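Its first residue numbered 285, the sequence shown is counted upward by one per residue in the numbering used here. By construction, the Cβ of each residue, glycine as well, lies at the ideal position given by its N, Cα and C atoms. It should be emphasised that the depicted structure is a prediction, and the values quoted were computed from it without experimental measurement. Written out below as structure tokens is the structure these notes cover.
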Amino acid sequence: MNKRLAAGIVVSLALAFMVAPLSAGAGGFCSGHEGEVMTTGAGSTVEMSENCFRPTVLRVQQGAKVTFVNNDPDVHSVGGVGGSFGDMHKEIPAGESVAYAFKEEGVYPYACIFHPGMAGAIVVGDGEDPAASAGTASGVTQPSAGATSLAGSQGAPAVWLGLGGALVLLVAAVVSLARALTRARKPFAQGVE
Numbered sequence: 285m286n287k288r289l290a291a292g293i294v295v296s297l298a299l300a301f302m303v304a305p306l307s308a309g310a311g312g313f314c315s316g317h318e319g320e321v322m323t324t325g326a327g328s329t330v331e332m333s334e335n336c337f338r339p340t341v342l343r344v345q346q347g348a349k350v351t352f353v354n355n356d357p358d359v360h361s362v363g364g365v366g367g368s369f370g371d372m373h374k375e376i377p378a379g380e381s382v383a384y385a386f387k388e389e390g391v392y393p394y395a396c397i398f399h400p401g402m403a404g405a406i407v408v409g410d411g412e413d414p415a416a417s418a419g420t421a422s423g424v425t426q427p428s429a430g431a432t433s434l435a436g437s438q439g440a441p442a443v444w445l446g447l448g449g450a451l452v453l454l455v456a457a458v459v460s461l462a463r464a465l466t467r468a469r470k471p472f473a474q475g476v477e
């Protein structure tokens with residue numbers, strides 16, 4: 285193996301493992317937020333504020349409509365991981381909102397593509413139906429008039445957000461290394477070093 289490639293692998297893995305504890309301690313990359321980063325709640329509204337979703341985990345009944353309200357000066361997006369609902373690439377400007385109806389039980393993780401670590405989940409019903417995790421939701425755009433703060437929020441550990449960020453970095457490092465190895469094979473196969 286090429287010495288430069290081996291050094292790149294070592295440095296990439298070292299960086300990934302050094303970032304994991306830092307991101308866990310940072311509370312999932314939510315910037316400018318004081319206090320608990322991960323919260324749970326009930327209701328029908330998720331607030332986007334200080335580059336965090338509040339509550340981070342929202343429990344709703346089957347068929348409920350959840351409104352995501354952007355109370356930040358920043359543009360955000362809301363989209364279900366794996367395309368389960370919403371549109372990751374649709375910008376939600378400051379002061380705007382978007383709503384989605386969750387028709388099937390399950391857990392619907394979501395994220396903002398513009399802010400690493402800005403993620404959350406909607407738990408519909410008991411959230412134990414694994415077949416529903418790829419369920420459907422219909423999108424409806426609504427104005428943000430009268431959005432209120434979330435009731436019933438309580439603190440919870442934020443470590444999973446930080447570890448998720450570290451996992452993303454680790455996957456990126458592995459993909460980069462795989463590409464480097466693929467490129468490195470071609471010159472070696474031709475006898476060029």
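query = Among the residues of its own chain, which have a CB less than 8 Å from the CB of Asp356, if the five just before and after it don't count?
reply = Met332, Ser333, Glu334, Asn335 and Ala378
inquiry  = What does the Cβ neighbour count give for His399, buried or exposed, with the cut at 16 atoms within 10 Å?
reply    = buried
query = Is the beta carbon of Ser381 less than 9 Å from the beta carbon of Phe352?
reply = yes
ask   = Using the beta-carbon count (16 or more within 10 Å), is Ala429 buried or exposed?
value = Summary for Ala429: the model assigns pLDDT 36, below 50, so the residue's position carries little reliability, and this model does not support an answer.
query = Tell me which same chain residues have a C-beta within less than 7 Å of the C-beta of Glu375, skipping the five on either side of it?
reply = Val359 and Ser361
ask   = Alpha carbon to alpha carbon, how far is Val408 from Gly363?
value = 16 Å
Check whether Pro393 and Ala385 have beta carbons under 9 Å apart = no
task = Look at the alpha carbon of Asp371 and the alpha carbon of Asn354, and state the distance between them as a whole number of angstroms.
result = 15 Å
task = Taking Ser333 as part of the beta strand (DSSP E), name the residues at either end of that continuous run.
result = Thr329 to Ser333
task = Take the Cβ of Gly401 as the centre, count every other Cβ of all protein chains shown within 10 Å, and call the residue buried at 16 or more, exposed below.
result = buried
query = Can you name the start and end residues of the beta strand (DSSP E) that Asn354 belongs to?
reply = Lys349 to Asn354
key: Bridge partners - Ala378, DSSP secondary structure assignment   = DSSP output for Ala378 lists no bridge partner at all.
task = In angstroms with no decimal places, state the Cα-to-Cα distance between Gly390 and Cys396.
result = 20 Å
key: Where Val359 sits in the DSSP three-state scheme   = coil
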